[in-house]
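Residue numbers (this note's numbering): -11 to 335.
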């Protein structure tokens, strides 16, 4: 029995047929809090914005406009919702359909017409596993904290080495990694993803190691060929970080190195990605990197005031930057000011 301090786990039921919703709701409402979505778009919105987040999503496959498979794909691709267990409840009973559901990251697949005892048992099992996994992840994270801290120091030092090569202070890479973390938190990403952003951000310009000093340190404006070469540092960074699919943090660092100079309007480099084609990590680091550069003194410019820098960021929202992230930027300015005070540029 739940005490007053405990809460019922929240389950999101997604189905476009009222009769199916009624059956599932009647089966589960005594043990769980329920939210209902009658299409995929509503489901994604609820999953992203609900507080607390659903601890499980029961998802129909055959829905108009956006089927359940696409909903699941988007849930698993978004760091806000990627860790929520998805259980398909569908009339599609072909083994190929079931295989597709599991391939997209679902934890289970139940065919209609449902058996209420079976649904209860499966839901109870997977929510228990979900909670156990969270506890296990917490313990593993605690046990590996020292190793991660040492790893982060190595990454930060390499990032600082790049900044020194590029006429910038080593404090820049520390500050912008914190800014990136603040934005990732404000965006609503799960804690593990936020921490990965923080750890990966210092590697954003590692590709500058491959750029000749005659270009990197040139006091004047770069000519066309030199600018083309400079843009290659994003490609070099991805190559330096290499194939790292077995390491999520290094893989994120590779994505950031490659995409942090892409622009929301498609005018960035190296690939001219546009809007949400740019990975969210790249969009976040682009803002953090530019903001700190504006606020910092450089041999070729004076430091901007915070007001001047924020005005620039606002003016370029929807052009250079993701406008929704610029709104979030304003909410974390007090934290950014604390970091700037803690990590000033060396004279």
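Where is the CB? At the ideal position from N, CA and C, for every residue including glycine.
If you're wondering where the values come from, they're calculated on a predicted model, not measured in any experiment.
Quick one: what's residue i bridged to in DSSP?
i	result
residue 74	45
residue -2	21
residue 321	In the DSSP output, where bridge partners are listed per residue, residue 321 has none listed.
residue 99	78
residue 286	289
residue 305	309
Apart from the five residues on each side of it in sequence, which residues of its chain come closer than 8 Å, Cβ to Cβ, to residue i?
i	result
residue 306	252, 253
residue 75	44, 45, 46, 47, 94, 95, 96, 97, 98, 110, 111, 114
residue 60	47, 74, 76, 89, 92, 93, 94
residue 108	15, 16, 19
Here's a check: name, in chain order, each residue in its chain whose Cβ is nearer than 7 Å to the Cβ of residue i, leaving out the five neighbours to either side.
i	result
residue 173	182
residue 104	15
residue 40	-2
residue 320	170, 171, 174
residue 62	32
residue 210	203, 218
residue 34	0, 23, 25
residue 236	184
Count the other CB atoms within 10 Å of the CB of residue i; is the residue buried (16 or more) or exposed (fewer)?
i	result
residue 256	buried
residue 265	exposed
residue 83	exposed
residue 207	exposed
residue 293	exposed
residue 233	exposed
residue 42	buried
residue 168	buried
residue 330	exposed
residue 241	buried
residue 122	exposed
residue 204	buried
residue 332	exposed
residue 230	exposed
residue 106	exposed
residue 57	buried
residue 246	buried
residue 295	exposed
residue 325	exposed
residue 250	buried
Could you check how far apart the C-beta atoms of residue i and residue j are, in whole angstroms? I think they sit under 8 Å.
i	j	result
residue 301	residue 279	6 Å
residue 244	residue 191	7 Å
Apart from the five residues just before and just after residue i, which ones in its own chain have a Cβ nearer than 6 Å to its Cβ?
i	result
residue -9	Note that residue -9 scores 46 on pLDDT, short of 50, meaning its location in the model is unreliable and no value can be drawn from it.
residue 7	none
residue 323	170
residue 318	none
residue 186	165, 169
Does the beta-carbon of residue i, which I'm using as the reference point, lie nearer than 6 Å to any heavy atom of the ligand ZN?
i	result
residue 31	The ligand ZN is absent from the structure shown, which contains no ligand whatsoever.
For residue i, decide whether its Cβ has a neighbour in chain B, counting only Cβ atoms nearer than 7 Å.
i	result
residue 93	Checking the listed chains, one finds no chain B in this structure; it contains a single protein chain.
Query raised in the report: Is the stretch 60 to 71 touching the stretch 165 to 182 in the sense that three or more CB pairs, one from each, lie closer than 8 Å?
Result: yes
Query - Contact between the stretch 222 to 236 and the stretch 186 to 203 (3+ Cβ pairs under 8 Å) - result: yes
Report task. Would you check if the stretch -3 to 17 and the stretch 48 to 67 touch, i.e. whether three or more CB-CB distances between them fall below 8 Å? Result -> yes
Query raised in the report: Should the stretch 159 to 167 be regarded as contacting the stretch 203 to 218, the criterion being three or more beta carbon pairs within less than 8 Å?
Result: no
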